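In the working numbering, the protein residues as written are -2 to 210.
From the three backbone atoms N, C-alpha and C, an ideal C-beta is built for every residue, glycine too.
Since the structure is predicted, the reported quantities are computational estimates derived from the model, not experimental observations.
Okay, structure coming up:
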């Protein structure tokens, strides 16, 4: 659970967003920022690329991860860490699967339960509407997002380049942990495999199903 709640440590997702935004000037108010970000996300069907993720705790670098990701609406994620160790996180809209080949285990979570504490998943969820669910601030090319639905929720920052391409995401929790993700080779609204989000449990792997607990 620590991995998914913080989207950090070895296989964290995360993830990523998008796209084309041309906001300038002074900081927008909460409602304007919320509407602007939702409009931007409405133009996104999917996003894919490569990532480098640095995880810090109390300003100390704990881990440096690299891999690839695909994010698709509504609420689907494929996040594969390739180094230093392989892990795979798949969200299919109902179940969130976390596979760690090193310990030969797959952990299953109810995705709806994870959404309330993860603003990234909330932004993907087309059924969540209204600024009552999320607090959004915009300052230049950076959006800051916090969920109102969970007091332990992460703070999410989406950063865009001057030409309106997503270049990074930062996620921080109340545990003094910061996850800084940088994106490269980003592609928007390209074709993806139909079965990418259909996770199949490998043979001889332990399954830890947390959905009914």
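Within 8 Å, strictly: CB atoms of residue 186 and residue 73:
Their beta carbons are not under 8 Å apart, which means residue 186 does not touch residue 73 by this criterion.
Residue 195 to residue 141, Cα distance in whole Å?
Distance between the alpha carbons of residue 195 and residue 141 is about 31 Å.
What is the DSSP secondary structure of residue 190, counted as helix, strand or coil?
coil
What would DSSP say about residue 88, mapped onto helix, strand or coil?
strand
Could you name the residues of the same chain whose beta carbon sits closer than 7 Å to that of residue 98, not counting the 5 residues immediately before and after it, in chain order?
Cβ contact annotation for residue 98 (same chain, cutoff 7 Å, sequence separation greater than five): 83, in chain order.
Taking the continuous beta strand (DSSP E) assigned at residue 201, which residues delimit it?
No beta strand (DSSP E) contains residue 201, which DSSP labels as neither H nor E.
Please state whether DSSP places residue 35 in a helix, a strand or coil.
Looking at residue 35 - three-state DSSP - the assignment turns out to be helix.
Own chain, CB closer than 6 Å to residue 202, minus 5 neighbours either side, in chain order:
101 and 103
Reference residue 88, options 69, 78, 55 and 79, closest by Cα
69
Measuring straight from C-alpha to C-alpha, what distance separates residue 94 and residue 75?
10 Å
Close-in-space but distant-in-sequence residues of the same chain around residue 235 (CB under 6 Å, 5 per side omitted)
As shown, the chain starts at -2 and ends at 210. That puts residue 235 outside it, with no answer to give.
Considering residue 46, what are the terminal residues of the beta strand (DSSP E) in which it resides?
43 to 54
How would you label residue 204, buried or exposed, when you count the other beta carbons within 10 angstroms and need 16 or more for buried?
exposed
Between the Cα of residue 167 and those of 200, 48, 206 and 190, spot the shortest distance and give me the residue it belongs to.
48
Quick one, which of 66, 29 and 153 has its alpha-carbon nearest residue 190's?
66
Three-state secondary structure (DSSP) of residue 109
helix
Taking the alpha-carbon positions, what's the residue 169 to residue 57 distance?
14 Å
Looking at the structure shown, is residue 138 part of a helix, part of a strand, or coil, going by DSSP?
coil
Just curious, the beta strand (DSSP E) that residue 73 is in, first and last residue?
73 to 80
Excluding five sequence neighbours on each side, which residues of the same chain lie with their C-beta closer than 8 Å to the C-beta of residue 207?
-2, 104, 105, 106 and 107
Take the Cβ of residue 80 as the centre, count every other Cβ of all protein chains shown within 10 Å, and call the residue buried at 16 or more, exposed below.
exposed
Comparing C-alpha positions only, which one of 52, 54 and 77 sits nearest to residue 64?
77
Considering only the beta carbon of each residue, do residue 134 and residue 28 sit closer than 8 Å?
no
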